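There are 2 protein chains.
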Amino acid sequence: MEGSESDPGERRPTMADVARRAGVSRATVSFVVNDTPGQSIGMQTRRRVLDAVEALSYRPNRAAQGLRTHRSATIGFVTHETPERSFADPAITGAHDVADEFGSRLVLVTTGRSPVRLRAALDDLIDRQVDAIIVATSGTRAITLPDAVRSRPTVLVNCFEGEAGRPSVPTLPTRLTTLLPDEQAGGHAAARVALDAGHRNFAFLAGKADSWATVERVAGYRTALTAAGVDPRRQLLAHGRYEIDAGHDLARALIATRPLPTVILCGNDRMAVGVLLALGQAGIQVPDEVSVIGYDDQFALAASVRPALTTVRLPYVEMGRAAATHLLCPDRHLAPTAPQWLPCPVVVRDSLGPPRAVP
Amino acid sequence: MEGSESDPGERRPTMADVARRAGVSRATVSFVVNDTPGQSIGMQTRRRVLDAVEALSYRPNRAAQGLRTHRSATIGFVTHETPERSFADPAITGAHDVADEFGSRLVLVTTGRSPVRLRAALDDLIDRQVDAIIVATSGTRAITLPDAVRSRPTVLVNCFEGEAGRPSVPTLPTRLTTLLPDEQAGGHAAARVALDAGHRNFAFLAGKADSWATVERVAGYRTALTAAGVDPRRQLLAHGRYEIDAGHDLARALIATRPLPTVILCGNDRMAVGVLLALGQAGIQVPDEVSVIGYDDQFALAASVRPALTTVRLPYVEMGRAAATHLLCPDRHLAPTAPQWLPCPVVVRDSLGPPRAVP
DNA sequence: CTGTTAGCGCCTTCAG
DNA sequence: CTGAAGGCGCTAACAG
Chain A
1 MEGSESDPGE RRPTMADVAR RAGVSRATVS FVVNDTPGQS IGMQTRRRVL
51 DAVEALSYRP NRAAQGLRTH RSATIGFVTH ETPERSFADP AITGAHDVAD
101 EFGSRLVLVT TGRSPVRLRA ALDDLIDRQV DAIIVATSGT RAITLPDAVR
151 SRPTVLVNCF EGEAGRPSVP TLPTRLTTLL PDEQAGGHAA ARVALDAGHR
201 NFAFLAGKAD SWATVERVAG YRTALTAAGV DPRRQLLAHG RYEIDAGHDL
251 ARALIATRPL PTVILCGNDR MAVGVLLALG QAGIQVPDEV SVIGYDDQFA
301 LAASVRPALT TVRLPYVEMG RAAATHLLCP DRHLAPTAPQ WLPCPVVVRD
351 SLGPPRAVP
Chain B
1 MEGSESDPGE RRPTMADVAR RAGVSRATVS FVVNDTPGQS IGMQTRRRVL
51 DAVEALSYRP NRAAQGLRTH RSATIGFVTH ETPERSFADP AITGAHDVAD
101 EFGSRLVLVT TGRSPVRLRA ALDDLIDRQV DAIIVATSGT RAITLPDAVR
151 SRPTVLVNCF EGEAGRPSVP TLPTRLTTLL PDEQAGGHAA ARVALDAGHR
201 NFAFLAGKAD SWATVERVAG YRTALTAAGV DPRRQLLAHG RYEIDAGHDL
251 ARALIATRPL PTVILCGNDR MAVGVLLALG QAGIQVPDEV SVIGYDDQFA
301 LAASVRPALT TVRLPYVEMG RAAATHLLCP DRHLAPTAPQ WLPCPVVVRD
351 SLGPPRAVP
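Protein sequences appear in the order of chains A and B.
Using the working numbering, read the first sequence as starting at 1 and increasing by one per residue.
Using the working numbering, read the second sequence as starting at 1 and increasing by one per residue.
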């Protein structure tokens with residue numbers, strides 16, 4: 001053993017240092033530092049330990065803790081997405097904030113949608129002893145998970161297992177939870193708010209026809225129209241990429257073949273911005289001549305655009321929070337097998353008005 | 001019961017297991033698994049070890065490695081930003097990709113711009129033995145770092161130490177590197193490309209007057225104008241938030257007080273979108289009647305808007321990459337003391353045309 | 001109620 | 001070229 005305090009401040013103080021200074025054993029230090037339940041420590045001993053901790057500014061070494069406890073106060077957050085859209089920002093924010101409250105940290109990985117990289121990422125995260133795993137996608141999508149994931153509690157955010165179509169519901173209890181936005185209800189709500197405003201004349205400039213979200217939203221939209229006595233088959237439905245330019249193109253095509261509908265539903269807010277741009281460039285006033293409804297409630301976009309977009313909110317932050325809460329709250333460890341559907345509430349802003357008086 | 005079979009059979013194989021199966025010592029396993037330099041292992045022994053690794057699907061435990069080596073193959077990425085803008089997405093993407101190549105992972109934290117939380121975050125990251133730290137902000141800004149950060153190699157992305165104004169240049173060598181976009185050159189370039197197109201009649205709808213980026217960009221813009229014989233004081237300069245609605249408001253005010261300039265420079269792309277919207281709604285064609293120039297080259301916005309924005313690219317992805325490269329590349333560890341300025345190249349698209357013929 | 005004693009899984013001198 | 005031994009810093013079982 002080397003002469004105790006001869007090191008010139010370089011070495012980080014260890015639990016042994018604290019124990020020595022407080023005149024107790026290392027175990028005792030551990031007990032008071034961690035408030036170990038079932039161990040009552042005398043007031044004076046506790047004081048001495050705490051003072052020593054303070055004096056040395058001792059902080060426990062997480063790697064050593066991890067080695068011992070097999071846990072790491074860490075959640076692996078995997079974004080299974082293309083490089084361009086690499087991270088699911090709002091979901092990360094939600095998960096981060098909850099994790100932070102629990103003293104856990106997020107370790108981030110992106111996979112570029114490659115199954116090989118997904119597998120590698122999960123293996124690596126498990127090597128790092130993450131306590132739990134969140135797998136998220138930007139667009140709702142079916143994914144296939146490597147088996148590695150079964151070794152940790154896992155939440156799927158915005159994606160689901162199962163080849164296509166609807167998520168598969170495992171029959172056996174599992175440590176896998178699925179969190180999905182209720183897009184069908186969202187599509188329904190968007191149509192509903194337009195119907196309520198008096199619209200009977202729709203165009204739906206939807207996203208890519210093969211995207212799960214699109215299919216769901218259109219289904220909900222159709223149901224709402226039908227229920228209101230409006231035949232969805234007589235309304236205009238077109239598809240495009242979920243981007244501004246696609247919305248712009250679609251809107252221009254729509255404008256070219258007047259008469260216009262009284263309301264345009266858009267696949268998402270970016271498409272709606274394209275629509276707004278095209279409408280403006282064609283001299284058509286929103287919402288006086290035609291109303292526009294978006295989808296997503298995208299940050300720094302939907303509320304900020306002029307006129308501000310009436311839209312349907314995708315609860316990404318909430319999904320991130322829910323995922324982390326589920327993983328970190330001890331009383332929630334009874335994993336439900338069926339997917340949990342999160343609501344997509346309508347947000348009413350200026351781009352929706354009553355239909356213009358028919359001439 | 002620690003160690004007993006509460007875990008149903010699925011104990012992870014350890015190095016000892018591999019050693020036993022291969023009939024060698026643990027050290028030998030370590031040597032071949034890590035290709036330890038200066039240790040030559042016989043071909044047949046190596047084969048036996050590798051086979052055992054394969055057979056048991058052995059993977060080293062990172063926590064144990066970390067305890068032993070005091071490293072963690074991990075970079076702490078701190079976004080010192082408000083909750084809404086919690087993550088610096090493109091910079092994270094850049095840093096992630098480089099880290100991934102080096103087998104390192106990013107641990108993410110946001111601080112909500114609170115110095116207290118920044119301090120806590122850094123302390124925690126150090127407890128977790130991160131090998132290095134990246135501190136990033138969304139808007140370029142001066143920050144004050146807690147001393148804790150001196151214990152690791154650190155890169156500041158988009159922020160700098162020093163009370164205000166220009167970043168302070170430490171006189172002593174330091175482990176702190178600063179990466180900043182050359183906003184002044186960016187502002188210059190934006191003005192320059194407009195001047196080259198023939199414009200002499202400007203409006204600059206800039207961001208908040210107290211933001212560092214704004215000050216820099218305006219300075220560069222002024223220099224370019226002056227150099228071209230255009231008096232910047234006779235051009236219109238207005239300030240607003242870096243959001244779509246602010247651009248919209250500013251543009252409406254501009255339109256109300258004709259005559260219009262021939263080109264409108266915007267504080268960023270979001271403001272430019274607001275300008276585009278306002279112009280469209282006023283029946284003014286871009287770029288035929290007036291040209292618009294953005295800033296940022298924001299993903300899914302600048303290139304996608306119609307007309308597509310001529311803009312100045314903020315090299316956030318590159319800055320993230322540069323930060324991680326600097327931290328991970330052994331041959332780059334000679335930290336420069338002065339900030340490194342990254343170029344902001346002009347991206348020419350449709351929203352810039354020649355000035356309209358003066359009547 | 002406190003202290004002693006083993007390891008957690010790995011890396012790294014140091015002998016052989 | 002290979003194996004034995006010690007310890008990184010901490011926690012959990014078991015005495016005292």
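Here a beta-carbon is modelled for each residue, glycine too, at the ideal position from N, C-alpha and C.
Remember, it's a predicted structure, so these values are computed and weren't measured experimentally.
The alpha helix (DSSP H) enclosing residue i, as first and last residue numbers
i, result
"Ala160 (chain A)", "The displayed chain sequence assigns Phe, not Ala, to residue 160 (chain A). Note, Phe160 (chain A): premise wrong, no alpha helix (DSSP H); beta strand (DSSP E) at 154-161."
"Ala209 (chain B)", "Where Ala209 (chain B) is concerned, there is no enclosing alpha helix (DSSP H), given that its DSSP letter is neither H nor E."
"Ile41 (chain A)", "No alpha helix (DSSP H) contains Ile41 (chain A), which DSSP labels as neither H nor E."
Best match in the options for proximity to residue i [C-alpha to C-alpha]
i, options, result
"Arg321 (chain A)", "A:His70, A:Ala88, A:Arg12", "A:Ala88"
"Val218 (chain A)", "A:Ala238, A:His199, A:Ala228", "A:Ala238"
"Arg192 (chain A)", "A:Ser104, A:Gly220, A:Arg252", "A:Gly220"
"Asn61 (chain B)", "A:Arg20, A:Thr69, A:Pro315, A:His248", "A:Thr69"
"Gly23 (chain A)", "A:Asp35, A:Asn34, A:Leu254, A:Gln44", "A:Gln44"
"Val33 (chain B)", "B:Arg11, B:Arg21, B:Arg20, B:Arg59", "B:Arg59"
"Asp269 (chain A)", "A:Val346, A:Trp341, A:Val135, A:Gln65", "A:Val346"
Chain A contact residues for residue i, given Cβ-Cβ distances below 7 Å
i, result
"Gln375 (chain B)", "An answer regarding residue 375 (chain B) cannot be provided, because it is not within the stretch 1 to 359 covered by chain B."
"Leu276 (chain B)", "Leu277"
"His248 (chain B)", "Arg306"
"Leu67 (chain B)", "Ala63, Ala64, Leu67"
Residue i: contacting residues in chain A (beta-carbon distance under 8 Å)
i, result
"Leu179 (chain B)", "Within chain A, no residue comes near Leu179 (chain B); the closest Cβ sits about 19 Å away, beyond 8 Å."
Nonlocal neighbours in the same chain, by C-beta distance under 8 Å from residue i, ignoring five residues either side
i, result
"Ser151 (chain B)", "Ile126"
"Arg119 (chain B)", "Pro146, Ala148"
"Gln39 (chain B)", "Phe31"
"Asn201 (chain A)", "Gln235, Pro261, Thr262, Val263, Pro355"
"Val290 (chain B)", "Leu260, Pro261, Thr262, Val263, Ile264, Leu279, Ile284, Arg356"
"Val107 (chain A)", "Thr74, Ile75, Gly76, Phe77, Leu125, Arg128, Val130"
"Val109 (chain B)", "Gly76, Phe77, Val78, Thr79, Ala121, Asp124, Leu125"
"Thr93 (chain B)", "Val317, Gly320"
"Gly3 (chain B)", "Confidence in Gly3 (chain B) is poor, its pLDDT being 32 and thus under 50, which makes the residue's placement too unreliable to answer from."
For residue j and residue i, the rounded distance between their alpha carbons
i, j, result
"Thr14 (chain A)", "Thr325 (chain B)", "32 Å"
"Asp124 (chain A)", "Thr223 (chain A)", "45 Å"
"Pro261 (chain B)", "His199 (chain B)", "9 Å"
"Pro153 (chain A)", "Asp131 (chain A)", "8 Å"
"Val286 (chain B)", "Val292 (chain B)", "7 Å"
"Arg47 (chain B)", "Val53 (chain B)", "10 Å"
"Gly294 (chain A)", "Pro37 (chain B)", "59 Å"
"Gly240 (chain A)", "Cys266 (chain B)", "29 Å"
"Ala73 (chain A)", "Ser114 (chain A)", "27 Å"
"Pro339 (chain B)", "Val157 (chain B)", "10 Å"
"Val29 (chain A)", "Asp35 (chain A)", "10 Å"
"Ser57 (chain A)", "Arg21 (chain A)", "12 Å"
"Glu84 (chain B)", "Val317 (chain A)", "10 Å"
"Ala203 (chain A)", "Ala251 (chain A)", "10 Å"
"Leu352 (chain B)", "Ala272 (chain A)", "24 Å"
"Thr177 (chain A)", "His188 (chain A)", "25 Å"
"Gln298 (chain A)", "Arg175 (chain B)", "39 Å"
"Thr311 (chain A)", "Leu254 (chain B)", "29 Å"
"Ala206 (chain B)", "Glu243 (chain B)", "11 Å"
6 Å CB neighbourhood of residue i in its chain, flanking five on each side removed
i, result
"Cys434 (chain B)", "Outside the shown range of chain B (1 to 359) lies residue 434 (chain B), about which nothing can therefore be said."
"Ser304 (chain A)", "none"
"Asp350 (chain B)", "Pro307, Ala308"
"Glu183 (chain A)", "Ala213, Glu216, Arg217"
"Asp296 (chain B)", "Asn268, Asp269, Leu314"
"Leu195 (chain B)", "Ala228"
Per-residue contacts from residue i into chain A (C-beta, under 9 Å)
i, result
"Thr93 (chain B)", "Pro83, Glu84, Ser86, Phe87, Thr110"
Boundaries of the beta strand (DSSP E) in which residue i is found, first to last residue
i, result
"Arg105 (chain A)", "105-110"
"Gly353 (chain B)", "It is not in any beta strand (DSSP E) - Gly353 (chain B) carries neither H nor E in the DSSP assignment."
"Gln340 (chain B)", "340-342"
Close beta carbons around residue i, own chain, < 7 Å, minus the five adjacent residues each side
i, result
"Phe102 (chain B)", "Leu328"
"Thr226 (chain A)", "Pro232"
"Arg26 (chain A)", "Met15, Ala16, Ala19"
Cross-chain neighbours of residue i in chain B, by beta carbon under 8 Å
i, result
"Ser72 (chain A)", "Ala63"
"Glu243 (chain A)", "Ala300, Ser304"
Under 9 Å by beta carbon: chain B residues contacting residue i
i, result
"Pro60 (chain A)", "Asp127"
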